[in-house]
Amino acid sequence: MDPGLVARFAAIVGARNCLAEPPALVTYECDGLTSMRARPGVVVLPASTGEVAAVVRLAREAGVAIVPRGAGTGLSGGALPVAGCVVVGLARMRRILEADLANGWARVEAGVANLDVSKHLAAAGAYYAPDPSSQRVCTIGGNVAENSGGAHCLKYGFTVNHVLGARVVLADGSVVDLGGPVADPAGFDLLAAFVGSEGTLGIVTEVVLRVLRKPEATRTLFATFPSCAEAGETVSAIIASGIVPAAIEMMDTLAIAAARAATGLDWPEVGAALLVDVDGTVGEAGHTAARAGEIARGSGALEVRWPRDEAERQLMWKGRKSAFAAVGRISPSYLVQDGVIPRSEIARALGEVARLAREAGLRVANVFHAGDGNLHPLVLYDARVPGEERKAEELAGEILRMCVRLGGSITGEHGVGADKVVYMGEMFSEDDLATMDLVRSAFDPERLFNPGKVLPAPRLCGERPWPSRVRPVEAADPAGPA
Amino acid sequence: MEGRRLLDDCVHCGFCLPACPTYVSWGVEPDSPRGRIDLMRALADGRLPLDPEVVTHFDSCLGCMGCVTACPSGVRYDVLIEETRARVEREVRRPLADRLFRSAIFALFPHPARLRALVLPLLLWSRSGLDALARRLGLYGLLPPRLGEMAELLPPLGARNLAASLPETTPARGPRRARVGLVAGCVQRVFFPGVNDATVRVLASEGCEVVVPRGQGCCGALSVHAGREDEARRMARALISSFEGLGLDAVVVNAAGCGSTLKEYGRLLADDPAWAARAAAFSERVRDVSELLARLGPVAPRQPLALSVAFHDACHVAHAQGLREEPRALLTGIPGLRLLEVPDGDQCCGSAGIHNLVDPASADEIGERKVDRVLSVGADLLASANPGCTLQIRKLAGRRGVAVRAAHPIEVLDASLHGTSLPGAPRTGR
């Protein structure tokens, strides 16, 4: 980037928080999705909404694309830079500004880590419910951008159900407040447009979150099954019985092995396992957990276990929540996919996944939010074997198409980002996409915010609709492909 | 180089970020474990040159290994940063002042005799009242930051620092349960002789015959952590030699950084055919004193201590050696003692070997957070198993006018077993 422009960014955020040296830029080339990379022109780390607004105004004046970034844990490449862009990192905006527990809300800066909100409120007996597996790291701003989910969204809802208001910087550098602590304000719900907009409409700098009282009791059970079929039946049977579990997580053989390797848990080698949380008052949680255990046994569980103490319960959840990264212990590389199917189709969908994997000659580990039908197939491969990454991407794509065929979606909670732009056409008609683009241009007519994400770029004539894989970023990297 | 394979273990999930003290301080990706691994990859692939700009990001790493604990993928960041630092020392020429300062550190700290030679002038300086005056007037602040840092870190000194020596063999009290060798350390030996005295007494009471081989030198921990591989290997060979052939069941160490290095000798000397097997055999016998005592189990009767103790996890015990329960167990066995946890206890205090000497500004920023947390506990005493951590926390608390009373956990146990008195509160800066 032109040194004069860098100096102007530095004047806004301070030299120390304006990174333009090649080594620093290399570390911002990708987020949690490492297969796509591009080098930004500059990275700025503002400390206030005012600084964010000044950065946006300058970027717009210079005609430079703006890519917002939280902790860079996203799995769909939502924070993937555009070559030469300005990355606006919110990592320094991590204050918890105020909390009003009587009215159930807290106002935080966008760079606060998800779990830090709950830690901050713990002493007062309150917490923030959505819990993505990366919650120790991922930021509230990133959660809003991706409408993140998590294991406990089955009972409590996704990020969108927990955001009451947001302060956002728009494309012209103006700052507006959408929504606020008062529930259900009048007028158009513009806030909802921002939740899940993946950084394409503006930059969220502050968020008013709904916070809940911690349930009086939570009971956890761990059940093992000969195969995913019995585990899938159990999920449907538990929910059909009228129980609304706080979470039902499913893991297959490979995922169980990965979690075991990461945590040292004594989980057996079985076809599938469920980790179930039920919560409520002490009496309610105890009764419901017992009932859920009976249902699991009745549906063919090999074994139902209850954690001995809180430490073991925490460890079980740690095993589940680190399962993605822990798969790194059983495979040199992997792709995380994120698709949704109707809950009743779990057994069939996993059968399909296994068939597709066999045909491709690759292994797939499954660890997912079974109660929501939100699959997370992890396609294992070895990037050092020529052609295998490509094969893995094709397999991941086939799995998403299968999700759409079964009546589901190409993403449950990780977002479309750069990774799944090419599959938008599988789910939406051209009219649908054009309508979404109209909403986007209403906020950002010059399309400077996170270009290339969510919505496919306009096609060139003669091109097939939604070609197989858009990867303009590597070619644009001045240092060549990674 | 095994490095490339180890680099591929990182899946870029970012779980290490909140565990990294420099990322917590600055929120900057290149000063995080994930970012540093990106840089190592770019260096390995030739996408970046190894120049002073890249080196700043490796230098900023404290080597606390908090990320190793946090990593779900089992990335060996400890090995990666060590290999990278060795490469930096081989290939990058540092600015003159930096080179001189680092040479001075390595000419002094790994040499107990030289350190001890410094004690008398320092003792006179502090006894004369000039030290107190200088502290009161803030004169240390007028020194160049790195020297001022060193001066301010100094612990209270006494005659024991001048003459400390341990008996070569101490018999076990009662039936002998083990024969162990004690690594006396450098800073530990000269500045905290009471810790070694306590270690010998406790081990003897718990049934260990304790051998302190004469002429043992530095273990090379500071050198390993700074990438000075050849120097470290030289020191390792010498130390192994001084502990061989003594018929020891275990080699015991009470300083965190030394312990983790001793346990890695096998890897340090793996490429040396004459020493690989000897080093591996040595490392296998190394035990932190808390680890050894936990394995043996307590036999000596504990007397009550009415004391609340905040427990500080030294990074090179908790993260590098994975010992969390064992050091606490030294204290929880004492009747009347109330053990309190320091919030965010898995975070480094900023001392980090020589980090607080070469980069005092960063170290203090990190250390201030630790001091906030330590003081929030409101305990009577801080238990800290590493001399560097103790000095760092006391120094920063001292600047706030707070005297933190600190002791090695083994000194607390010694007090319970033998009625010895615990170290008092140090003087403060004001």
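Residue numbers (our numbering), protein chains in the order written: chain A, 66 to 547; chain B, 4 to 433.
Where a beta carbon is used, it is the ideal one built from N, C-alpha and C, also for glycine.
Any chain B beta carbon closer than 8 Å to residue i
| i | result |
| --- | --- |
| glycine 393(A) | yes |
| alanine 390(A) | yes |
| serine 387(A) | yes |
| alanine 178(A) | yes |
| alanine 327(A) | yes |
Below-8 Å beta-carbon distance, residue i vs any chain A residue
| i | result |
| --- | --- |
| glycine 17(B) | yes |
| leucine 399(B) | no |
| alanine 45(B) | yes |
| leucine 334(B) | no |
| valine 1(B) | One cannot answer for residue 1(B) here, as it falls past the ends of chain B, which runs 4 to 433. |
| glycine 197(B) | no |
| glycine 325(B) | no |
| leucine 206(B) | no |
| serine 76(B) | yes |
| aspartate 316(B) | no |
| glycine 30(B) | yes |
| glycine 38(B) | yes |
Rounded straight-line distance, which links the Cα of residue j to that of residue i
| i | j | result |
| --- | --- | --- |
| arginine 353(A) | leucine 440(A) | Per the sequence presented here, residue 353(A) reads as threonine, with arginine not at that position. In a straight line, the C-alpha of threonine 353(A) is about 25 Å away from that of leucine 440(A). |
| glycine 393(A) | threonine 172(B) | 49 Å |
| serine 604(A) | glycine 97(A) | The first residue shown for chain A is 66 and the last is 547, placing residue 604(A) beyond what the model contains. |
| phenylalanine 18(B) | proline 146(A) | 21 Å |
| alanine 156(A) | glycine 176(A) | 5 Å |
| arginine 341(B) | leucine 385(B) | 12 Å |
| alanine 79(B) | leucine 9(B) | Checking the sequence, you will find arginine at residue 79(B) rather than alanine. For arginine 79(B) and leucine 9(B), the distance between alpha carbons rounds to 7 Å. |
| leucine 225(B) | glycine 356(B) | 6 Å |
| proline 510(A) | aspartate 403(A) | 30 Å |
| lysine 563(A) | valine 31(B) | Because chain A is modelled from 66 through 547, residue 563(A) falls outside the range shown and cannot be assessed. |
| valine 289(B) | arginine 102(A) | 44 Å |
| aspartate 367(B) | alanine 127(A) | 39 Å |
| histidine 60(B) | glycine 345(A) | 48 Å |
| valine 300(A) | alanine 181(B) | 56 Å |
| arginine 428(A) | alanine 357(A) | 31 Å |
| alanine 191(A) | leucine 277(A) | 5 Å |
beta-carbon residue i near the ligand NAP non-hydrogen atom, thresh 7 Å
| i | result |
| --- | --- |
| valine 71(B) | Ligands are entirely absent from the displayed structure, and the ligand NAP is therefore not among its contents. |
Residues that residue i contacts on chain E, provided the C-beta gap is smaller than 9 Å
| i | result |
| --- | --- |
| histidine 60(B) | Protein chains A and B are contained in the structure displayed, whereas chain E is not. |
Reduced DSSP secondary structure (H/G/I, E/B, other) of residue i
| i | result |
| --- | --- |
| tyrosine 399(A) | strand |
| aspartate 367(B) | helix |
| alanine 210(A) | helix |
| arginine 403(B) | coil |
| leucine 340(A) | strand |
| methionine 492(A) | helix |
| arginine 157(A) | coil |
| glycine 264(A) | coil |
| glycine 432(B) | Below a pLDDT of 50, predicted positions are generally treated as unreliable, and glycine 432(B), at 42, falls in that range; the measurement from the model is reported next regardless. Coil at glycine 432(B), not helix or strand. |
| glutamate 174(A) | strand |
| glutamate 424(A) | helix |
| valine 27(B) | helix |
| arginine 408(B) | coil |
Run of the alpha helix (DSSP H) containing residue i, from where it starts to where it stops
| i | result |
| --- | --- |
| cysteine 211(B) | Segment 211 to 214 is the beta strand (DSSP E) holding cysteine 211(B); no alpha helix (DSSP H) there. |
| valine 240(A) | Run containing valine 240(A): none in the alpha helix (DSSP H); it sits in the beta strand (DSSP E), 240 to 244. |
| tryptophan 382(A) | 375 to 386 |
| aspartate 62(B) | 55 to 62 |
| arginine 192(B) | 190 to 194 |
Boundaries of the beta strand (DSSP E) in which residue i is found, first to last residue
| i | result |
| --- | --- |
| methionine 467(A) | That residue, methionine 467(A), is in no beta strand (DSSP E); its alpha helix (DSSP H) goes 453 to 470. |
| threonine 353(A) | Looking at the DSSP string, threonine 353(A) is not in any beta strand (DSSP E); the run it does join, the alpha helix (DSSP H), is 347 to 363. |
| serine 311(B) | 310 to 315 |
| threonine 285(A) | 282 to 290 |
| isoleucine 313(A) | 312 to 317 |
| tyrosine 446(A) | 442 to 446 |
* Members of the segment 92 to 118 of chain A that neighbour chain B once the beta carbon cut-off is set at 9 Å -> Within the segment 92 to 118 of chain A, the residues whose Cβ lies closer than 9 Å to some Cβ of chain B are Thr92, Tyr93, Glu94, Cys95, Asp96, Gly97, Leu98, Thr99, Val108 and Leu110, listed in chain order.
* To do: Compile a chain-ordered list of the residues in the segment 76 to 93 of chain A whose CB is closer than 9 Å to at least one CB of chain B.
  => Under the 9 Å Cβ criterion, the segment 76 to 93 of chain A contributes Arg81, Asn82, Leu84, Glu86, Pro87, Pro88, Ala89, Leu90, Val91, Thr92 and Tyr93.
* Which residues, in order along the segment 396 to 424 of chain A, keep a beta-carbon less than 7 Å from a beta-carbon of chain B? -> Taking 7 Å as the Cβ-Cβ cut-off against chain B, the residues of the segment 396 to 424 of chain A that qualify are Pro397.
* Give the residues from the segment 199 to 223 of chain A that approach chain B closer than 9 Å (Cβ to any Cβ), ordered along the chain. => Within the segment 199 to 223 of chain A, the qualifying residues are Ser199, Arg201, Val202 and Cys203.
* Asked: Taking Cβ-Cβ distances below 8 Å as the criterion, which residues of the segment 133 to 156 of chain A are in contact with chain B?
  -> Listed in sequence order: Ala136, Gly137, Thr138, Gly154 and Ala156.
* Near-chain A residues of the segment 95 to 124 of chain B - C-beta to any C-beta below 8 Å -> Here the close residues number zero.
* To do: Select from the segment 361 to 386 of chain B all residues with a C-beta closer than 7 Å to any C-beta belonging to chain A, and list them in chain order.
  => Listed by position along the chain: nothing, the set is empty.
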